[in-house]
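>
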Amino acid sequence: MSQYEYLTCETAGGIATITLNRPPLNVLHNPMMAELNNALEAVLGDETLIALVLRAEGKAFSAGVDVSDHTADKVEEMIRLFHGIFRKMLATDAVTIAAVQGAALGGGCELACFCDVVLASDRAKFGQPEVQVGVFPPVAACSFPRRMGLGKAIELVALGATIRADEALRIGLASQVFPLEEFDAKVSEYVAVVSKLSAPVVQMAKRATVAGARDEILAHLEEAERIYLKELMSLKDAHEGIAAFLEKRAPVWVHG
177 MSQYEYLTCE
187 TAGGIATITL
197 NRPPLNVLHN
207 PMMAELNNAL
217 EAVLGDETLI
227 ALVLRAEGKA
237 FSAGVDVSDH
247 TADKVEEMIR
257 LFHGIFRKML
267 ATDAVTIAAV
277 QGAALGGGCE
287 LACFCDVVLA
297 SDRAKFGQPE
307 VQVGVFPPVA
317 ACSFPRRMGL
327 GKAIELVALG
337 ATIRADEALR
347 IGLASQVFPL
357 EEFDAKVSEY
367 VAVVSKLSAP
377 VVQMAKRATV
387 AGARDEILAH
397 LEEAERIYLK
407 ELMSLKDAHE
417 GIAAFLEKRA
427 PVWVHG
């Protein structure tokens, strides 16, 4: 078991499990995201890895990236750390599996739903509420259209919708939904089946499946980053939304 302050990491039988461990909401701040980058780099370097499982302690999978890290003095470092996680996940041939027991919101939703397989409890919910605080989710903007189609992606990314697990399953955001009281056992069963497969065959099958998408997603992410850092961060509304959230008041939009 690797030792981190904000997560745990272990590898056994070709399965690496990283567990977010900043309960109850597993809010992703810069130090936690730095740890997650380090953990991913360590486990994904194993060429015999069949799957990476992302789990979480507490009532939420993750309530997202700490809003205080979106401020002008921290936003570039936040984007570098946060998007570094997805670049590492995008590059691996191991199957990535998210086990979402509770709410996955904002960056937590992006982290879960960027995985190849999303296993959700029937109490889970998924949402991208960033527009409510004057920003948008770049990772969801580049990955959701491929997962669920453009129209539903716009509803989630541009309008800030939050959906329940059954709706996530219907649109393809979640892969399977299990009752909460059986969730841990069902996830363990699912992962046990995966662990019995041939690692190189699984890796090659995934590589063949995503071969056409990897470069497109990476290019899309780079463009979404540019829009976020160069265009969005020049808007008064973006800074007003963040400030209003931190000051616990309603934002006053100037639409510019």
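Note that the sequence shown covers residues 177 to 432 in the numbering used here.
Built from N, CA and C at the ideal position, the CB exists for glycine as well.
1) What are the boundary residues of the alpha helix (DSSP H) that includes Q379?
2) Measuring CB to CB, does A248 end up less than 8 Å from C285?
3) Please state whether DSSP places I322 in a helix, a strand or coil.
4) Quick one: what's got a C-beta closer than 7 Å to K362's C-beta in the same chain, skipping five residues either side?
5) Closer than 8 Å by C-beta to G432: which residues in its own chain qualify, once you throw out the five before and the five after it? Chain order, please.
6) Quick one: grab the DSSP three-state call for A426.
7) Could you name the residues that DSSP lists as bridge partners for E352?
8) Going by DSSP in three states, G234 sits in which element: helix, strand or coil?
9) Could you give the first and the last residue of the continuous beta strand (DSSP E) run that contains V370?
10) Using a Cβ-Cβ cut-off of 7 Å (strictly less than) and excluding sequence neighbours within five positions of D245, which residues of its own chain qualify?
11) Leaving aside the five residues before and after S351 along the sequence, list all residues of the same chain whose C-beta is less than 7 Å from its C-beta, in chain order.
12) Given the structure, does I403 come close to the ligand ZN, in the sense that its CB is under 7 Å from one of the ligand's heavy atoms?
13) Does V369 pass the burial test, meaning 16 or more other C-beta atoms within 10 Å, or should it be called exposed?
14) List the whole-angstrom C-beta distance separating A236 from N202, where the pair is believed to meet the contact cut-off of C-beta under 8 Å.
15) Any idea if I194 is buried or exposed, counting beta-carbon neighbours within 10 angstroms, 16 or more meaning buried?
16) Can you give the Cα-Cα distance for Y404 and V276, rounded to whole angstroms?
17) Determine the direct distance from the alpha carbon of V307 to that of V386, and round the result to whole angstroms.
18) Please classify S374: is it buried, with 16 or more other beta-carbons within 10 angstroms of its beta-carbon, or exposed?
19) So V219 and A192 are in contact, right, with Cβ under 8 Å, and what is the actual spacing, rounded?
20) Thinking C291 and T272 are a contact (beta carbons under 8 Å), I'd like their distance in whole angstroms, please.
21) Whole-angstrom Cβ separation of L225 and G190, contact assumed at under 8 Å?
22) Might you give, ordered along the chain, the residues of its own chain that have their beta carbon closer than 8 Å to the beta carbon of D298, omitting 5 neighbours on each side?
23) Specify, as a first and last residue, the run of the alpha helix (DSSP H) that R256 falls within.
24) Determine the DSSP secondary structure at M177, reduced to helix, strand or coil.
25) Given a cut-off of 8 Å, decide if L281 and L232 are closer than it, judged by their beta-carbon atoms.
Reading from the atomic positions:
1) Per DSSP, Q379 is one residue of the alpha helix (DSSP H) stretching across 375-386.
2) No, the Cβ-Cβ distance between A248 and C285 is not below 8 Å.
3) Reading off the sequence, residue 322 comes out as Arg, not Ile. It is helical.
4) Counting only Cβ-Cβ distances below 7 Å, and skipping sequence neighbours, we find F354.
5) Cβ neighbours of G432 within its own chain (closer than 8 Å, five residues either side excluded): L411, K412, D413.
6) Annotated three-state conformation of A426 is coil, per DSSP.
7) Position check: residue 352 holds Gln in this sequence, whereas Glu was assumed. According to DSSP, which records beta bridges pairwise, Q352 is partnered with L295.
8) DSSP places G234 in coil when its eight states are reduced to three.
9) Not the beta strand (DSSP E): V370 falls in the alpha helix (DSSP H), residues 359-371.
10) H205, N206, M254.
11) Counting only Cβ-Cβ distances below 7 Å, and skipping sequence neighbours, we find V293, V294, L295.
12) The ligand ZN is absent from the structure shown, which contains no ligand whatsoever.
13) The residue in question, V369, is exposed, as its Cβ has fewer than 16 Cβ neighbours within 10 Å.
14) That pair is a contact at about 6 Å.
15) I194 comes out buried.
16) Here the alpha carbons of V276 and Y404 stand approximately 27 Å from one another.
17) When rounded, the distance between both Cα atoms is 30 Å.
18) S374 comes out exposed.
19) 4 Å between Cβ atoms; contact.
20) About 4 Å separates the CB atoms of C291 and T272; that is less than 8 Å, so the two are in contact.
21) About 6 Å separates the two Cβ atoms, so the contact holds.
22) Excluding sequence neighbours, D298 sits near A341, D342, V353, F354, P355, L356.
23) Where R256 is concerned, the enclosing alpha helix (DSSP H) starts and stops at 251-267.
24) Note that M177 has pLDDT 46, beneath the 50 cutoff, so the model's placement of it is unreliable and the number below is only indicative. Three-state DSSP puts M177 in coil, outside helix and strand.
25) Here the sequence assigns Ala to residue 232, which means Leu is not the residue at that position. The answer is no: Cβ separation not under 8 Å.
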